[in-house]
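There are 2 protein chains.
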Amino acid sequence: MGGDHGPSVVIPAVARAIAVLPGSVRFLLHGDEAAIAAELSKHGGVAGRVEVRHSDRVVGMDEKPAQALRRSKGTSMWNAVEAVREGQAVAAVSAGNTGALMAISKLILRMAVDMERPALVASMPTPRGVTTFLDVGANIDCDAERLVEFAIMGEAFHRAAHGVPRPTVGLLNVGSEEMKGHEEVREANRVLREGKIDLDYKGFVEGDDITRGAVDVIVTDGFTGNVALKSMEGAARFVTAELRGALSGGVFASLGALLARPALLKFRERLSPPPTAPFLGLNGIVLKCHGGATVRDFAVAIRVAVDLARSNFTAEIERNMRRLPDALAEPMAEPAAEVVQGADE
Amino acid sequence: MGGDHGPSVVIPAVARAIAVLPGSVRFLLHGDEAAIAAELSKHGGVAGRVEVRHSDRVVGMDEKPAQALRRSKGTSMWNAVEAVREGQAVAAVSAGNTGALMAISKLILRMAVDMERPALVASMPTPRGVTTFLDVGANIDCDAERLVEFAIMGEAFHRAAHGVPRPTVGLLNVGSEEMKGHEEVREANRVLREGKIDLDYKGFVEGDDITRGAVDVIVTDGFTGNVALKSMEGAARFVTAELRGALSGGVFASLGALLARPALLKFRERLSPPPTAPFLGLNGIVLKCHGGATVRDFAVAIRVAVDLARSNFTAEIERNMRRLPDALAEPMAEPAAEVVQGADE
C-alpha cells in the first residue's frame with residue numbers, strides 16, 4: 002500500500018518480477034483486499050503466485066516514526082514484517098514510510114548486532130557499476146566496532162545483491178594515509194588491516210571515490226554518510242539544472258539539445274536514485290523501495306530481496322561477526338606515530 | 002612561484018587585477034627575481050605597482066607539510082607570509098602547496114582563535130550565487146564551540162567577499178528538527194539559536210542545501226566538510242562524464258553535442274573549482290589559490306584578498322568572538338526532550 006502509487010505500482014512490479022523469477026518464488030500481498038484485487042484482475046497469471054492478506058489500515062507516508070509505531074499494529078506494513086518474523090516470508094519489501102518501516106522492523110525482528118538502528122545502504126552509480134555505501138543516516142554516533150560491523154554487513158550484501166565473489170571494501174576518510182582522520186576511523190582501519198575479519202579491505206578512500214567506484218563497498222558513520230549522499234544528490238541536480246539552462250540558451254544550443262534528446266533522457270535515467278535500500282543488521286531481510294518508485298524500480302527491489310534470501314548473506318555476516326571480539330582486541334604495543342589528522346588538499 | 006605555472010600565471014593576474022583595482026593597491030612579489038623580471042617585461046604598467054623581493058628557494062608542490070615547514074625559512078612562501086606579520090603586506094595570496102602554506106601561516110601568524118589549524122573554506126556554486134562552506138578539511142574533531150567559531154568567521158568572510166550585508170547561516174545536519182544529529186551539532190544549534198551571537202542563523206540544513214543555496218554560509222566539522230566537498234566534486238565529475246558518453250553515442254546525439262558545444266563549454270566553466278580558499282582564524286589574511294589556477298582564477302583571488310583587507314572582517318569576527326563565552330554558558334534548565342538522532346529519508 003506504500004509509496005506514492007500503492008498497488009498500481011506494486012502489482013505490475015510483482016507481475017514483472019514473476020516473469021523472470023523461478024516458479025518457487027511466491028508472494029504475500031498485504032493491504033486493502035479490494036484495491037489489490039482490482040489490480041490483480043489486470044495481470045493474468047499473477048493471482049496463482051500470490052496470497053492476499055487483508056489489512057484495514059496503512060501507515061501514512063508523512064507520519065512521524067514514533068507516532069506511526071504506536072498505532073502500527075495491524076497495518077499492512079506491520080503485517081508484512083510480522084510475516085518475516087513468523088517465517089511465512091523470507092523477506093519484506095515496502096515503498097512506504099522509511100522511518101516507520103525502520104522502527105517497525107527493529108521492534109518486530111530485533112537487531113542481530115548491537116546497533117541503534119538498522120544501517121541504511123545507498124547504491125551509488127559508478128562508471129563500472131555500483132558502490133554499496135553505508136550507513137547513510139540511521140546510526141549517527143559510530144565507534145570503530147560499529148564501522149567494522151558496517152564493513153562486514155555491506156560486503157556480504159554487495160556479494161549477494163551484485164554477484165561479486167569477493168567485494169573490495171574501503172573506509173571513508175579525509176586522506177589515504179594511516180594517520181589521517183579521527184580516532185574511530187583510524188581504529189577501524191587498524192582492525193580491518195590486521196586481517197582477522199575475512200574481507201578484502203583496501204584501506205582509506207575519499208569522498209570522490211564513492212562515484213568513481215574505487216572499491217565495491219564504502220563504509221562511514223550515519224552522519225557523514227547522510228551528508229555525503231545528500232550532497233551528491235544536490236550536486237547532480239545542480240549540474241543537470243545548469244546543463245538544462247545552458248542547452249536552452251540560443252538557437253544552436255536548443256537545436257543541439259533537441260537532437261541529443263534521447264541520449265539526454267538515457268543519461269537522466271542513469272542518474273535516477275537507486276531503487277532499493279536494504280536495512281542491514283536485523284534478524285531478517287527488509288528492503289525499502291523509494292516512495293516515488295516506478296514499476297521497474299519495485300521489480301528490481303523484489304529481485305534484490307530474492308537474491309538476498311537465496312544467498313548465504315546471513316551466515317556470512319554471522320561468521321565474520323564472531324571474529325569481531327578477537328579482531329577488536331588491542332595489539333600488544335601500539336607503535337608511536339605522529340598523528341596528522343587533517344585532509345589533503 | 003607556486004602552483005603549476007608560477008610567475009607566468011601570477012604576473013599576468015597581477016596585471017589583470019591592477020586594471021580594476023584603485024591605484025593605492027600595491028604588490029610585493031616574492032620569488033626568483035630573474036623569472037619575475039622576465040614576466041614583468043611583458044606587462045607594461047605593472048612594474049610601477051610592484052616591488053620584487055628575491056628568494057632563492059621555493060616550497061615544492063609535493064613536499065609534506067611537516068618536511069616543508071622545517072626547511073621553509075627564506076622560501077618565497079615563508080617571505081610572503083612573514084611580510085603580513087610584519088605589516089608590510091595586508092594579505093598573502095599563494096597558489097603553492099596547501100599543507101605547507103597552512104603550516105607556515107599558522108607558525109608565523111599564529112591562530113587568533115583556539116583551533117588546531119586555520120579553517121578551510123570552499124565556495125560552492127549555486128543557482129543564486131555562492132555558498133561559503135567550511136571547514137572542508139583542516140579541523141577534524143570539532144566541538145560545539147568550534148562550530149560556532151566557524152559560523153562567526155564564515156559569516157564575516159561571506160559579507161566581505163561577496164558584499165552581502167547580512168549573510169544567512171546554517172548548520173549542516175542529517176535533518177531539520179532540533180533533535181536530529183549528534184551532541185556537538187545540537188549544542189551548537191542551541192547556542193546559535195539563542196541569539197547572543199550577532200548573525201542571521203537559520204537553523205539546520207542538509208547536504209543538498211550546499212549547492213541549492215538555501216543559506217549563504219554552511220558550517221560543519223572538517224571531517225564531514227571534506228567528505229562532502231570531495232563527494233560533490235566526484236558526483237559532478239561522474240555526471241559530466243556520463244553526459245559526454247551519452248552525447249557521443251550515435252550520429253544525432255553527436256551532432257547535437259556539436260551544435261550545443263559553446264553552451265556546454267560555458268556549463269563546464271560554471272562548474273570549475275572555486276579559485277580561492279581563504280584560511281580563516283589566523284592573525285592575518287592568507288588566501289590559497291588552487292594549484293592549477295588560471296590567470297583569471299588568480300586575479301579573482303587577488304580581488305578577494307583586497308576586499309577582505311578593506312573590510313571590517315577582522316573586527317567583526319573579534320566582536321562576535323567576545324560574545325562567545327556568554328553564548329556558550331549552559332541555560333538554567335535544559336528542557337527534557339526525546340532525542341531522535343537519525344536522518345530523515
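From first to last, the protein sequence lines stand for chains A and B.
FYI, the numbering for the first sequence is 2 to 346, going by our numbering.
FYI, the numbering for the second sequence is 2 to 346, going by our numbering.
Here a beta-carbon is modelled for each residue, glycine too, at the ideal position from N, C-alpha and C.
What residue does the alpha helix (DSSP H) around residue i start on, and which one ends it?
i        : result
Glu1/B   : Look at the range of chain B in this structure, 2 to 346, and you will see that residue 1/B is not part of it.
Ala230/B : Position check: residue 230/B holds Leu in this sequence, whereas Ala was assumed. From DSSP, the alpha helix (DSSP H) with Leu230/B extends over 223–248.
Asp136/B : Run containing Asp136/B: none; DSSP gives neither H nor E here.
Ile1/B   : An answer regarding residue 1/B cannot be provided, because it is not within the stretch 2 to 346 covered by chain B.
Thr295/A : Neither: Thr295/A is in no alpha helix (DSSP H) and is coded neither H nor E.
Pro66/A  : 66–71
Ile211/B : 210–213
Mapping the DSSP letters down to three states, classify residue i as helix, strand or coil.
i        : result
Ser77/A  : helix
Lys107/A : helix
Glu317/A : helix
His44/B  : coil
His6/B   : coil
Leu200/B : coil
Ile219/B : strand
Leu22/A  : coil
Gly100/B : helix
Met1/B   : Nothing about residue 1/B can be reported from this structure: the residues present for chain B run from 2 to 346 only.
Arg27/A  : coil
Val60/B  : coil
Glu346/A : Any reading at Glu346/A must be qualified, since the residue scores a pLDDT of 46, below 50, and its modelled position is unreliable; no value is offered.
Ala38/A  : helix
Pro279/A : strand
Using only the alpha-carbon positions, how far apart do residue i and residue j sit?
i        : j        : result
His159/B : Gly61/B  : 31 Å
Pro168/B : Leu200/B : 8 Å
Lys203/B : Val175/A : 28 Å
Ala84/B  : Arg17/B  : 23 Å
Glu346/B : Glu52/A  : With a pLDDT of only 46 at Glu346/B, under 50, the local geometry of the prediction cannot be trusted, and the value read off the model is given with reservation. Their backbone Cα atoms lie some 30 Å apart in a straight line.
Ala92/A  : Arg194/B : 44 Å
Ser73/B  : Arg54/B  : 16 Å
Gly4/B   : Ser56/B  : 16 Å
Val296/A : Asp298/B : 48 Å
Leu173/A : Val228/B : 8 Å
Leu266/B : Gly246/B : 16 Å
Val287/A : Glu64/A  : 20 Å
Arg27/B  : Val11/B  : 14 Å
Arg1/A   : Ala237/A : Past the edges of chain A, shown from 2 to 346, lies residue 1/A, and the structure says nothing about it.
Ala48/B  : Glu87/B  : 23 Å
Ile211/B : Met125/B : 7 Å
In terms of residue numbering, what span does the beta strand (DSSP E) encompassing residue i cover?
i        : result
Gly257/A : It is not in any beta strand (DSSP E) - Gly257/A instead sits in the alpha helix (DSSP H) that spans 252–260.
Val149/B : First-last for Val149/B: 145–163, but that is the alpha helix (DSSP H), not the beta strand (DSSP E).
Leu173/B : 169–173
Leu283/B : From DSSP, Leu283/B is part of no beta strand (DSSP E); its letter is neither H nor E.
Ala93/A  : 92–95
Arg54/A  : 51–55
Ser124/A : 120–127
Which whole-angstrom value describes the C-beta separation of residue i and residue j, a residue pair presumed to lie in contact below a C-beta threshold of 8 Å?
i        : j        : result
Leu244/B : Gly257/B : Rounded, the Cβ-Cβ distance is 12 Å, inconsistent with contact.
Val137/B : Gly214/B : Going by Cβ atoms, the distance from Val137/B to Gly214/B rounds to 17 Å, so no, they are not a contact pair.
Asn321/B : Ile198/B : 5 Å
Ile109/B : Val131/B : Not a contact, Cβ separation roughly 29 Å.
Leu135/A : Ala113/A : At roughly 15 Å, the Cβ-Cβ gap does not stay under 8 Å, so Leu135/A and Ala113/A are not in contact.
Ile141/B : Phe253/B : So it is not a contact: roughly 50 Å between Cβ atoms.
Leu22/B  : Val307/B : 6 Å
Indicate whether residue i and residue j have their beta-carbon atoms separated by less than 8 Å.
i        : j        : result
Pro279/A : Val122/A : yes
His6/B   : Ser77/B  : no
Ala139/B : Ala101/B : no
Glu206/A : Gly182/A : Before going on, a small fix: residue 206/A reads as Val here, not Glu. Cβ distance not < 8 Å, so Val206/A and Gly182/A don't count as in contact.
Val218/B : Glu150/B : no
Ala104/A : Pro66/A  : yes
Pro326/B : Val301/B : no
Val220/A : Ala162/A : no
Met233/A : Ser232/B : yes
Asp144/B : Glu185/B : yes
Gly75/B  : Gly235/A : no
Asp222/A : Leu148/A : yes
Ala36/A  : Ala294/A : no
Is residue i near the ligand ADP, going by C-beta to nearest heavy atom under 7 Å?
i        : result
Thr132/A : The ligand ADP is not part of this structure, which contains no ligands at all.
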